[in-house]
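Asker: Take this structure, written in structure tokens, and hold onto it; I'll ask about it next.
Protein chains: 4
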Amino acid sequence: MIVIMQPGAKPEEIDSVIREIERFGFRAFENPGVERKVLAVLGEVNLDKADLVDHFNAMPGVTSCQLISNPWKLASRTYHPEDTIVEVGEARFGGGFASVIAGPCSVEDLDQMRASAKAAKAAGARALRGGAFKPRTSPYSFQGLGEEGLKMLAQVRDEIGLPIVTEVLSEEEVALVDRYADVLQIGARNVQNYALLKAVGMLRKPVLLKRGFGTKIKDFVMSAEYLMAGGNLNVILCERGITTFEDSCRNTTDINAVPVLKKLTHLPVILDPSHATGKSEYVPSIARAGLAAGCDGLMIEMHPDPAHAASDGAQSLNPEAFSALMSQLHRIADAVDVRM
Amino acid sequence: MIVIMQPGAKPEEIDSVIREIERFGFRAFENPGVERKVLAVLGEVNLDKADLVDHFNAMPGVTSCQLISNPWKLASRTYHPEDTIVEVGEARFGGGFASVIAGPCSVEDLDQMRASAKAAKAAGARALRGGAFKPRTSPYSFQGLGEEGLKMLAQVRDEIGLPIVTEVLSEEEVALVDRYADVLQIGARNVQNYALLKAVGMLRKPVLLKRGFGTKIKDFVMSAEYLMAGGNLNVILCERGITTFEDSCRNTTDINAVPVLKKLTHLPVILDPSHATGKSEYVPSIARAGLAAGCDGLMIEMHPDPAHAASDGAQSLNPEAFSALMSQLHRIADAVDVRM
Amino acid sequence: MIVIMQPGAKPEEIDSVIREIERFGFRAFENPGVERKVLAVLGEVNLDKADLVDHFNAMPGVTSCQLISNPWKLASRTYHPEDTIVEVGEARFGGGFASVIAGPCSVEDLDQMRASAKAAKAAGARALRGGAFKPRTSPYSFQGLGEEGLKMLAQVRDEIGLPIVTEVLSEEEVALVDRYADVLQIGARNVQNYALLKAVGMLRKPVLLKRGFGTKIKDFVMSAEYLMAGGNLNVILCERGITTFEDSCRNTTDINAVPVLKKLTHLPVILDPSHATGKSEYVPSIARAGLAAGCDGLMIEMHPDPAHAASDGAQSLNPEAFSALMSQLHRIADAVDVRM
Amino acid sequence: MIVIMQPGAKPEEIDSVIREIERFGFRAFENPGVERKVLAVLGEVNLDKADLVDHFNAMPGVTSCQLISNPWKLASRTYHPEDTIVEVGEARFGGGFASVIAGPCSVEDLDQMRASAKAAKAAGARALRGGAFKPRTSPYSFQGLGEEGLKMLAQVRDEIGLPIVTEVLSEEEVALVDRYADVLQIGARNVQNYALLKAVGMLRKPVLLKRGFGTKIKDFVMSAEYLMAGGNLNVILCERGITTFEDSCRNTTDINAVPVLKKLTHLPVILDPSHATGKSEYVPSIARAGLAAGCDGLMIEMHPDPAHAASDGAQSLNPEAFSALMSQLHRIADAVDVRM
């Protein structure tokens, strides 16, 4: 349920609606940064809904009270009709802007990150990715450089000037990653790690939330709602492929998810064609498709030397291929009236 | 296995290789319409393959003999490296051309088809679709107008000038549909109806083969191989969505299939965003994505009055929406250097 | 919609209801072989349903008229609450009986079929399977012996005394296969080949309908409805595995389908653990599971010499393993009060 | 790689092999509690493997050194051929024992848990389940009673005598849950929450690890390997349904996973038919199937009053239905020579 206040509603009217919301056992959430006050009413509604709607509609200063039939509230287009734009450095996601995040799967050393950042920036990427904490299927595989890797990312950011996107794997490391990262990434395997979502939801820094490979769109949006219910509204949704019966690629890109998520939510939606295909030869085709479908950005794996990457080499572009792809993407962006 | 002849190989050298192929119990298939003769060696190879390759390599007029590790031969890029272009009327699919096929799910009456064809042509579509025989999940649903519908299609083709694409459901109706259609469509449910594939493979008319919603790409290509093994090389592959756990749309568009099929085969690949999403509001996004991904065409459901369509109204565009989409598609086509 | 007549309804009352059904544009279908007359009203109901129900409820001889909300009518438990029992030779499927069908994937020669039949019978199987027409993914693979194979099956039936189950691949071969087979099998790839379903639905011989590997349960039941709408009520439903993301086996056995199908329909439900796993080592476990879940029978691939089978050797049991499995199955059958 | 020592290998020989393992940069892991010492060599092997095998084979006291081709080592049947038996209270899982865990989805209050425990025990269950921390898709849904719930579980355990199984959602709560639980459950959504797996792997208490609904079997086993690499070998694997295109149930029970997991690993494998179907009416059928397939136990949701359960009421059995099911399960257990 949301309560939409009149444009000139007085603070005491708003307060009084909030108190009334709380009196019924709900939590009120004020949508910040918008002209017109909209209050989300959070909690499970077991009372008669029609009665509640009538009750709030009759309060002074209220334009209308509406039920939202979807289980997500803060993420809903109904609650927030305009595109949310997430900005970090020169990168902008949503509202007609589509930035590209590029970089290697894992932070390996300073030279590799510096080379990646230079190539990314030269080709027009607006942010740098690199994993310092890596979620590896095997406990015996390289698990990332940890804080060392975060420091390298920060140093390269200071040198080259691209904001950094890096994954946080555990609630205990949220504070640590937050000290270095510009955007915190929550990976596919943690998309329903609610403890981690709650911890990151307490921050106000942008979050890039990847869909799980077995997660339905509606559950994916609910994971975003977890972040937002903590007060962090800077959420970027990232489609990165789902598991299906088709085995010619590592995953199946759910391209339908792009328009579906854009319809259901106001959050920016980006695509990771590297994980979604698992093969660098298919990345350009799927990157173009994502942008043409309406994505608000792309996250692309690029490594100075894919053949010797510590992880995910097979799906990483080299700098030349990445640069060539960026030229193609600019043409697509023009064709769909998006600024890259 | 394929045997590649020298550019100036003499007819008697070619004949002699063919006889040798047959002596080993295989079937020789000459790739028509190309400068350099390439002979496909069809059949299960139980002999020692290395010996066979040596044997053919030593024959006069042979450039090289190669094993093809994939189970498809005639459909393989190895056998036929250039794009096959399928042409019908002004429609061209493959080799840098991407035509749009548009029209209603079912043929309902002459007025509906005439209105559809006019709107399709006016917006730049190059072929008209319409089903006279409909594969319906329920035996109690409308099963199509049958030959009456085919006659309407033919009449509209003669009036408006667009070639017609229509489905054939059963081997017994192949001859009948062949009398009217310009392109025979084999639907998703019949993708592994091998009796039907064999019957249509005996024709030389273009075939539009739709992927099954549960069919792996490699099995889909084998179904094309069935058509081609009969001698019909004019095969268009059509991705139309697969079934997965995601339930926000009718199907999941397997956009990865576009670059994968383009790599594995030389056949034109098109996308049907209408079935792949099941909702007209998502069709423009996915149509653009398909073209940007490298499709050689699109098949889009358009109906003069979707709300009253006999079938699939929810996924059909009306003429205005279709026309608007065509403008977007022309911009994408320009951005990927494809002629629509 | 179904109309249930009173136990002593007069023939003229029944006739009059049938005429009324037809007057509204529907088709009436009389459920044969049951004490109490139940008339299924087939066709798409566009009239006001409540009015229709009232109308028929008021007719003489009618006990009650009920809407059936599922799209299947003749296959529905609502229409026919008791288990249908399909009998052929000594095999019985449904209603507390669970027979095992065993035999090789393909008919190869008379000795192989004779050995298979003897082993099957000795171990307690009630029917013999063997494919004479084989649906092979590759046009270059062994396609079955055709009518020669059917003759071998028939000869072995006459010698050993087990009824034979064999696949029909195409509507043109229905009459031919019908001359030899005791049960006609429709394979997974043809589960929505409606032309074939219609042709087989005109017979009165039992049909074993396999679920497609990408077919939803509700669409599977609709395929059975196609057979039944033609008047053939002797339909056995066979779960044989579906395609999912899991790749450790050839398919994923949808064991849930057993109780779901038993609830939705009155038809016997059997399981094919050989295709559902693709590996003979897992067949005993899954066969036991199927029987314990409530299956009305099992179809198991068994070959006298799996290592040299023309097809599907990897999933075939040898006679010793099959015999050992049958002992296990008898114990499970006792535990669930089923007669094998 | 594993190194198998001779039965009478001297401690100094074992030490010397361990030092050699570490000299090459690996970690040695001694399989505890078995007669014959087997050392697992953990780490990524980039050296020439054949050389390494030769090297260790030549060391004194070594019977043989073997490569394990699967990525899991400690969980592998090759490393540990006999069934691992996990025991807690009177519950035993594996090695011919199959215990049933029963109880409600969520701990609601003391009366509900007491009633659940009494009914579970009376019907023959050996352990009690109940969630105090609940992973809910919506941040606005009931999230469990937290430590209050753990205390209720502990009190009921002391009163009724059944060990308790309860979920831990986050690494920060591991110590807390460990204070009360007899078996720590890691839920489907956390199956690849490696931070949590590492934390729980440091304990020595039994862990019930649920498969994710989108997790491949081989990745599921790797998650168990994470637990075991920390030294916790008391791992129970739980199949609970996967997401597929089939939508008649909440999930698709992957019954094949039972024999597959039993072959790949030595760990006990149990099935949760309640989540795997999502509908209580199908639970008995699937529970029987699991036991017949070879499960080492079952986890079944049972609630004193399913219609008023705080969560998952639709899939919970009431005590009468549970008791009836247990009678059926005892018959199946006898039929497969398993002690319940």
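Chains as they are written, first to last, in the working numbering: chain X, 378 to 717; chain R, 378 to 717; chain L, 378 to 717; chain G, 378 to 717. A virtual CB, placed ideally from N, CA and C, is assigned to each residue, including glycine. All of these numbers come straight from a predicted model, not from anything done at the bench.
Alpha carbons only, please: which of Ser547/R, Asn570/R, Gln569/R and Lys528/R is nearest the one belonging to Arg556/R?
Answerer: Counting from one through the second sequence, the residue named residue 556/R turns up at place 179. Ranking Ser547/R, Asn570/R, Gln569/R and Lys528/R by Cα distance to Arg556/R puts Lys528/R first.
Asker: Do you know how far the Cα of Leu644/G is from the Cα of Glu678/L?
Answerer: The sequence position of residue 678/L within the third sequence is 301, counting from 1. The sequence position of residue 644/G within the fourth sequence is 267, counting from 1. The alpha-carbon atoms of Glu678/L and Leu644/G are separated by roughly 30 Å.
Asker: Can you find a heavy atom of the ligand COA that lies under 7 Å from the Cβ of Ala710/X?
Answerer: What this structure holds is no ligand at all, so the ligand COA is not there to describe.
Asker: Return the residue from the list Glu467/G, Gly501/G, Ile663/G and Glu464/G that minimises the CA-CA distance to Ala479/G.
Answerer: The sequence position of residue 479/G within the fourth sequence is 102, counting from 1. The option with the nearest alpha carbon to Ala479/G is Gly501/G.
Asker: Relative to the C-alpha of Ser700/L, which residue among Arg469/L, Asp488/L and Ala499/L is closest?
Answerer: As a working note, residue 700/L is residue 323 in the third sequence. Nearest option by C-alpha distance: Ala499/L.
Asker: Since Ala468/R and Arg506/R should fall inside the 8 Å C-beta cutoff, what is the C-beta to C-beta distance between them, to a whole number of angstroms?
Answerer: As a working note, residue 468/R is residue 91 in the second sequence. As a working note, residue 506/R is residue 129 in the second sequence. Ala468/R to Arg506/R, Cβ: 11 Å. No contact.
Asker: Identify every residue that forms a DSSP beta bridge with Leu451/G.
Answerer: By one-based count along the fourth sequence, residue 451/G stands at place 74. Answer by DSSP bridge pairing: none, since Leu451/G is not bridged.
Asker: Taking a contact to mean a Cβ-Cβ separation below 8 Å, would you say Ala427/X touches Leu416/X in this structure?
Answerer: Looking up residue 427/X in the first sequence gives position 50. Looking up residue 416/X in the first sequence gives position 39. No, Cβ-Cβ distance for Ala427/X and Leu416/X is not below 8 Å.
Asker: Have a look at Ile709/G and Val660/L and give me their C-alpha separation to the nearest angstrom.
Answerer: Residue mapping note: residue 709/G aligns to position 332 of the fourth sequence, counting from 1. Residue mapping note: residue 660/L aligns to position 283 of the third sequence, counting from 1. Their backbone Cα atoms lie some 18 Å apart in a straight line.
Asker: What does Thr642/G pair with, by DSSP beta-bridge criteria?
Answerer: Translated into the one-based positions of the fourth sequence, residue 642/G becomes position 265. For Thr642/G, which the question treats as bridged, DSSP gives the partners Ser453/G.
Asker: Among the candidates Phe474/L, Val394/L, Ala494/L and Val439/L, whose CA atom is the shortest distance from the CA of Pro727/L?
Answerer: Nothing in the structure corresponds to residue 727/L, since chain L is present only between 378 and 717.
Asker: Three-state secondary structure (DSSP) at Ala474/G?
Answerer: Working through the fourth sequence from its first residue, we reach residue 474/G at position 97. Per the sequence shown, residue 474/G should be read as Phe rather than Ala. Phe474/G: strand per DSSP, three-state reduction.
Asker: Applying a beta-carbon distance threshold of less than 7 Å, which residues of chain R neighbour Asp631/X?
Answerer: Mapped onto the first sequence, residue 631/X falls at position 254. Glu623 and Thr629, listed in chain order.
Asker: Less than 8 Å between the beta carbons of Ile381/G and Ser625/L, yes or no?
Answerer: Here residue 381/G is taken as the residue at index 4 of the fourth sequence, counted from 1. Here residue 625/L is taken as the residue at index 248 of the third sequence, counted from 1. Not a contact, by the Cβ cut-off of 8 Å.
Asker: For Ala666/X, I'd like the list of residues in its chain whose CB is within less than 7 Å of its CB, leaving aside the five on either flank, ordered along the chain.
Answerer: As a working mapping, residue 666/X is identified with position 289 in the first sequence. So the list reads Ile632, once near-sequence residues are dropped.
Asker: Listing by chain order, which chain L residues have their CB less than 7 Å from the CB of Thr620/R?
Answerer: Indexing the second sequence from 1 puts residue 620/R at position 243. Near Thr620/R (Cβ distances below 7 Å), the residues of chain L are Gly591.
Asker: In chain L, which residues lie with their C-beta within 7 Å of the C-beta of Arg469/R?
Answerer: The sequence position of residue 469/R within the second sequence is 92, counting from 1. Those do not exist, as Arg469/R stays about 28 Å from chain L at its closest Cβ, beyond 7 Å.
Asker: What does the alpha-carbon distance come out to for the pair Ala576/L and Val551/L?
Answerer: On the third sequence, residue 576/L is found 199 positions in, with the first residue counted as 1. On the third sequence, residue 551/L is found 174 positions in, with the first residue counted as 1. Roughly 7 Å separates the two Cα atoms.
Asker: Kindly indicate which residue of Met717/R, Val477/R and Glu389/R has the alpha-carbon position closest to the one of Pro437/R.
Answerer: Translated into the one-based positions of the second sequence, residue 437/R becomes position 60. Residue Glu389/R is the option with its Cα nearest to Pro437/R.
Asker: If you reduce the DSSP assignment to three classes, tell me which class Ser483/X lands in.
Answerer: The residue you call residue 483/X lines up with position 106 of the first sequence. In the structure shown, Ser483/X sits in a strand (DSSP, three-state: E or B).
Asker: Along the beta strand (DSSP E) that carries Leu522/G, what are the first and last residues, could you check?
Answerer: Residue numbering aside, residue 522/G sits at position 145 when the fourth sequence is read from its first letter. That residue, Leu522/G, is in no beta strand (DSSP E); it is neither H nor E in DSSP.
Asker: With distance defined between alpha-carbon atoms, name the residue in Met490/G, Lys582/G and Ser547/G nearest to Asp559/G.
Answerer: Residue 559/G sits at position 182 when you count from the first residue of the fourth sequence. Here the closest residue by C-alpha is Lys582/G.
Asker: Classify Phe510/X as helix, strand or coil using the three-state DSSP reduction.
Answerer: In the first sequence, residue 510/X corresponds to position 133, counting from 1. DSSP places Phe510/X in coil when its eight states are reduced to three.
Asker: Hey, how far is the Cα of Met490/G from the Cα of Phe510/G?
Answerer: Here residue 490/G refers to the residue found at position 113 when the fourth sequence is read from its first residue. Here residue 510/G refers to the residue found at position 133 when the fourth sequence is read from its first residue. Distance between the alpha carbons of Met490/G and Phe510/G: 15 Å.
Asker: Leaving out the 5 sequence neighbours to the left and right, which residues in its chain are closer than 7 Å to Ala565/L when beta-carbon positions are compared?
Answerer: Numbered from its first residue, the third sequence carries residue 565/L at position 188. If we look at Ala565/L and ignore the five residues flanking it on each side, its Cβ neighbours are Lys587, Arg588, Gly589, Phe590 and Arg617.
Asker: Roughly how many whole angstroms lie between the Cα atoms of Ala670/L and Asn567/X?
Answerer: Here residue 670/L refers to the residue found at position 293 when the third sequence is read from its first residue. Here residue 567/X refers to the residue found at position 190 when the first sequence is read from its first residue. Going by the C-alpha atoms only, they are around 35 Å apart.
Asker: Shorter than 8 Å from the beta carbon of Glu544/G to some beta carbon of chain X?
Answerer: The residue given as residue 544/G occupies position 167 in the fourth sequence. No, its Cβ sits nowhere closer than 8 Å to a Cβ of chain X.
Asker: Helix, strand or coil for Ala427/G per DSSP?
Answerer: Your numbering for residue 427/G matches position 50 in the fourth sequence. Helix at Ala427/G.
Asker: Grab me the residues of Ala494/L's own chain with a C-beta within less than 6 Å of its C-beta, minus the 5 sequence neighbours each way, in chain order.
Answerer: By one-based count along the third sequence, residue 494/L stands at place 117. Here the set comprises Leu505, Val533, Ile537 and Leu539.
Asker: Please confirm if Lys595/L has its CB atom under 8 Å from at least one CB of chain G.
Answerer: Residue mapping note: residue 595/L aligns to position 218 of the third sequence, counting from 1. Closer than 8 Å to some Cβ of chain G, the Cβ of Lys595/L qualifies, so yes.
Asker: Going by DSSP, what residues sit across from Phe406/X in a beta bridge?
Answerer: Indexing the first sequence from 1 puts residue 406/X at position 29. In DSSP, Phe406/X forms a bridge with Ala417/X.
Asker: Let me check one thing: in DSSP terms, what residues is Thr629/L bridge-paired to?
Answerer: Residue mapping note: residue 629/L aligns to position 252 of the third sequence, counting from 1. Its beta-bridge partners are Ile619/L.
Asker: Helix, strand or coil for Leu580/G? Go by DSSP, reduced to three states.
Answerer: In the fourth sequence, the residue the question calls residue 580/G occupies position 203. Coil at Leu580/G, not helix or strand.
Asker: In the DSSP assignment, find the beta strand (DSSP E) that holds Ser441/X and state where it starts and stops.
Answerer: One-based indexing of the first sequence puts residue 441/X at position 64. Looking at the DSSP string, the run of the beta strand (DSSP E) that includes Ser441/X is Val439 to Gln443.
Asker: Quick check: what's the CA-CA separation for Thr461/X versus Lys640/X?
Answerer: The residue labelled residue 461/X in the question sits at position 84 within the first sequence. The residue labelled residue 640/X in the question sits at position 263 within the first sequence. Answer to the nearest angstrom: the Cα atoms are 13 Å apart.
Asker: So, helix, strand or coil for Lys495/L, using DSSP?
Answerer: In the third sequence, the residue the question calls residue 495/L occupies position 118. In this structure, Lys495/L counts as helix in the three-state DSSP scheme.
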